[in-house]
Amino acid sequence: MDNVTVATHPHTHETAVAAEHQHVALPQHRHHFETEEQQREAGTFGMWLFLLTEIMFFGGLFFAYLLYRNWYNPAFVVSSNQLSIPLGAANTAILIASGFFMALGVWAAEVRKKGLLLLFLVLTTVFGLAFLGIKAVEYHEKWEKHHIPGASFDVSQFINPQAYGLKEKPLAPDMAQKTQVFFFLYFAMTGMHAFHMIIGIVLLFWLMWRANRGEFSSGYVAPIENFGLYWHFVDIVWIFLFPLLYLINRHPV
Amino acid sequence: MSEYHDPSNVVNPEHADHHIVTPVTYSIVFATLLVMTGVTVGAAYIDLGLMNPVIALAIASFKAVIVILFFMHVKYQSKLVKLTVISGFFTFLVLTTMTLTDYISRAWGLW
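Residue numbers (my numbering), protein chains in the order written: chain Z, 5 to 257; chain G, 181 to 291.
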């Protein structure tokens with residue numbers, strides 16, 4: 005039945021209702037898509053499939069955190085207290101601002117305002133770089149305190165906190181060693197997150213260069229929109245990293 | 181029959197109409213995200229026992245959902261895209277639950 009229908013109603017542009025098919029002949033509209041909406045949806049769908057693989061990738065790290073936090077809870081509590089809540093909160097606000105400007109950038113491309121699009125892409129990049137700057141300050145502090153897991157890791161702050169003016173309960177030497185697990189996960193998770201941001205910032209410079217040539221201000225929004233999905237996904241990862249690493253261990257049960 | 185068999189996707193287009201989200205919507209979402217960040221930081225300084233992680237994760241999930249719905253336009257997308265997004269998070273939950281049951285059952289009583 006369906007075969008007959010297809011034979012008499014072939015899947016071509018010619019048989020479609022002309023009025024429904026007056027898409028603007030943009031050079032980026034590929035012929036194998038029936039309509040611009042279909043092309044757009046296919047792109048969005050593909051981008052989301054990529055982001056699902058990213059959910060699984062970061063999901064493994066989140067799972068490792070969940071498991072080890074339960075196993076070595078005392079070590080996770082004291083090492084989490086080493087992180088600075090003001091710096092983490094400021095970085096959260098900065099990253100949210102970066103995502104906000106990215107969203108505005110998509111809007112600017114949709115309403116074909118080239119100048120505004122460029123401005124918002126620049127602001128997205130500036131806030132992204134500010135985030136990485138604060139992250140670098142935090143990493144440097146861990147370096148100075150020998151809180152980077154490995155041969156130079158120093159557990160003395162966790163075994164004898166009073167000597168460092170910390171109001172923590174001292175940990176037994178074996179549990180104190182487990183603070184390395186927290187810092188390993190801290191660097192693995194925030195490091196992979198920062199790596200995604202660095203990739204994103206490289207892509208942002210490429211998009212700014214293309215936006216400056218006017219490529220996205222004549223109705224072709226897909227690259228901006230799909231990059232926006234990536235950038236917001238990276239935001240979401242941080243939205244979960246911030247409470248998990250900085251906040252929830254403050255008050256041990 | 182031809183009403184449903186529509187290879188050219190003209191009679192009954194399933195693709196969502198393109199919707200431009202306005203800066204006003206984005207600003208409301210932005211403000212909400214900042215407020216919720218403040219709330220979650222404030223809640224971390226209050227000792228609520230077991231509820232501390234629960235509240236922090238609930239707020240984070242709420243923030244993630246509004247980012248997905250508005251910044252990532254999922255609210256205005258077709259059912260195909262919505263289903264794709266939901267299935268991704270659902271699969272992650274399934275995998276997490278299955279792995280956790282494994283760890284819990286191997287050290288029974290010691291968790």
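Backbone N, C-alpha and C fix where the C-beta goes; we use that ideal spot for every residue, glycine too.
{"Item": "May I ask you to report which of helix, strand or coil DSSP gives Leu228 of chain G?", "Value": "coil"}
{"Item": "Start and end of the alpha helix (DSSP H) containing Met164 of chain G?", "Value": "Since the first residue shown for chain G is 181 and the last is 291, residue 164 of chain G is missing from the structure and cannot be characterised."}
{"Item": "If we ignore side chains and look at the alpha-carbon of each, how far apart do Val10 of chain Z and Thr48 of chain Z end up?", "Value": "Annotation note: pLDDT 44 at Val10 of chain Z (below 50); position unreliable, coordinate value reported separately. Looking at the two C-alpha atoms, the distance is approximately 28 Å."}
{"Item": "So, is the C-beta of Lys255 of chain G closer than 9 Å to a C-beta in chain Z?", "Value": "no"}
{"Item": "For His197 of chain Z, count the other beta carbons within 10 Å of its own beta carbon; 16 or more makes it buried, fewer makes it exposed. Which is it?", "Value": "buried"}
{"Item": "With contact counted as at least three CB pairs below 8 Å, one residue from each stretch, are the region 180 to 194 of chain Z and the region 145 to 152 of chain Z in contact?", "Value": "yes"}
{"Item": "Kindly indicate if chain C contains any beta-carbon less than 9 Å away from that of Val221 of chain G.", "Value": "The structure shown has no chain C; the protein chains it does contain are Z and G."}
{"Item": "In or out: Arg34 of chain Z buried (at least 16 other Cβ within 10 Å) or exposed?", "Value": "exposed"}
{"Item": "Below 8 Å on the Cβ atoms is my contact criterion, and I expect Arg254 of chain Z with Asn85 of chain Z to pass it. Report the Cβ-Cβ distance as a whole number of Å.", "Value": "7 Å"}
{"Item": "How many angstroms separate the CA atom of Thr183 of chain Z from the CA atom of Phe191 of chain Z?", "Value": "12 Å"}
{"Item": "On the three-state DSSP scale, how would you describe Trp111 of chain Z?", "Value": "helix"}
{"Item": "What does Ile258 of chain G reach in chain Z if we use C-beta pairs closer than 7 Å?", "Value": "For clarity, residue 258 of chain G is Ser in the given sequence; the question names Ile instead. Those within 7 Å of Ser258 of chain G in chain Z are Glu45."}
{"Item": "Which residue marks the beginning of the alpha helix (DSSP H) containing Glu142 of chain Z, and which one marks its end?", "Value": "118 to 148"}
{"Item": "Put His198 of chain G into one of helix, strand or coil per three-state DSSP.", "Value": "coil"}
{"Item": "Taking Cβ-Cβ distances shorter than 8 Å, what residues in chain G pair up with Asp178 of chain Z?", "Value": "Here the premise fails: no neighbours, minimum Cβ distance about 16 Å."}
{"Item": "Am I right that Val221 of chain G and Ile89 of chain Z are in contact with their C-beta atoms under 8 Å? What's the rounded C-beta distance?", "Value": "6 Å"}
{"Item": "CB-CB under 6 Å to Leu249 of chain G, same chain, minus the five flanking residues each way: which ones, in chain order?", "Value": "Lys255"}
{"Item": "Along chain Z, which residues have their Cβ under 8 Å away from the Cβ of Thr264 of chain G?", "Value": "Phe49, Trp52, Leu53, Leu56"}
{"Item": "Can you grab the Cα-Cα spacing for the pair Leu263 of chain G / Lys117 of chain Z, in whole Å?", "Value": "32 Å"}
{"Item": "Check the Cβ-Cβ distances between Ala93 of chain Z and every residue of chain G, and say whether any is below 9 Å.", "Value": "yes"}
{"Item": "Considering only their Cβ atoms, is the gap separating Met179 of chain Z from Phe135 of chain Z smaller than 9 Å?", "Value": "no"}
{"Item": "Which chain G residues are close to Glu142 of chain Z, counting only those with a beta carbon under 9 Å from its beta carbon?", "Value": "Simply none; closest approach about 16 Å."}
{"Item": "Does the Cβ of Phe54 of chain Z have 16 or more other Cβ atoms within 10 Å, making it buried, or fewer, making it exposed?", "Value": "exposed"}
{"Item": "Taking buried to mean at least 16 other C-beta atoms within 10 Å of its own C-beta, is Asp282 of chain G buried or exposed?", "Value": "exposed"}
{"Item": "On the DSSP letters alone, give me the boundaries of the alpha helix (DSSP H) that Arg44 of chain Z sits inside.", "Value": "40 to 75"}
{"Item": "Go ahead and label Gln32 of chain Z buried or exposed: buried means 16 or more other beta carbons lie within 10 angstroms of its beta carbon, across all protein chains shown.", "Value": "exposed"}
{"Item": "Which one of Z:Gly63, Z:Trp210, Z:Asn230 has the shortest CA to CA distance from Thr277 of chain G?", "Value": "Z:Gly63"}
{"Item": "Please report the distance separating the alpha-carbon of Pro247 of chain Z from that of Leu237 of chain G.", "Value": "7 Å"}
{"Item": "Do Ile100 of chain Z and the ligand FMN come close, with the Cβ less than 8 Å from some heavy atom?", "Value": "For the ligand FMN, the structure offers nothing, since it holds no ligand at all."}
{"Item": "Can you give the Cα-Cα distance for Tyr234 of chain Z and Ala167 of chain Z, rounded to whole angstroms?", "Value": "45 Å"}
{"Item": "Tell me the DSSP secondary structure of Gln181 of chain Z in three-state form.", "Value": "helix"}
{"Item": "Please identify the residue among Z:Leu108, Z:Ile100, Z:Gly50, Z:Val115 whose C-alpha is closest to the C-alpha of Leu260 of chain G.", "Value": "Z:Gly50"}
{"Item": "For Met106 of chain Z and Gly132 of chain Z, I'd like the C-alpha separation in whole angstroms.", "Value": "10 Å"}
{"Item": "So, for Leu120 of chain Z: in the same chain, excluding its five sequence neighbours on each side, which residues have a beta-carbon less than 7 Å away from its beta-carbon?", "Value": "Ala112"}
{"Item": "At a Cβ cut of 8 Å, what residues of the region 274 to 288 of chain G count as close to chain Z, listed as they run along the chain?", "Value": "Leu275, Thr276, Thr279, Leu280, Tyr283"}
{"Item": "Can you pull the chain Z neighbours of Leu249 of chain G, defined as C-beta to C-beta under 7 Å?", "Value": "The contacting residues do not exist; Leu249 of chain G stays about 11 Å from chain Z at best."}
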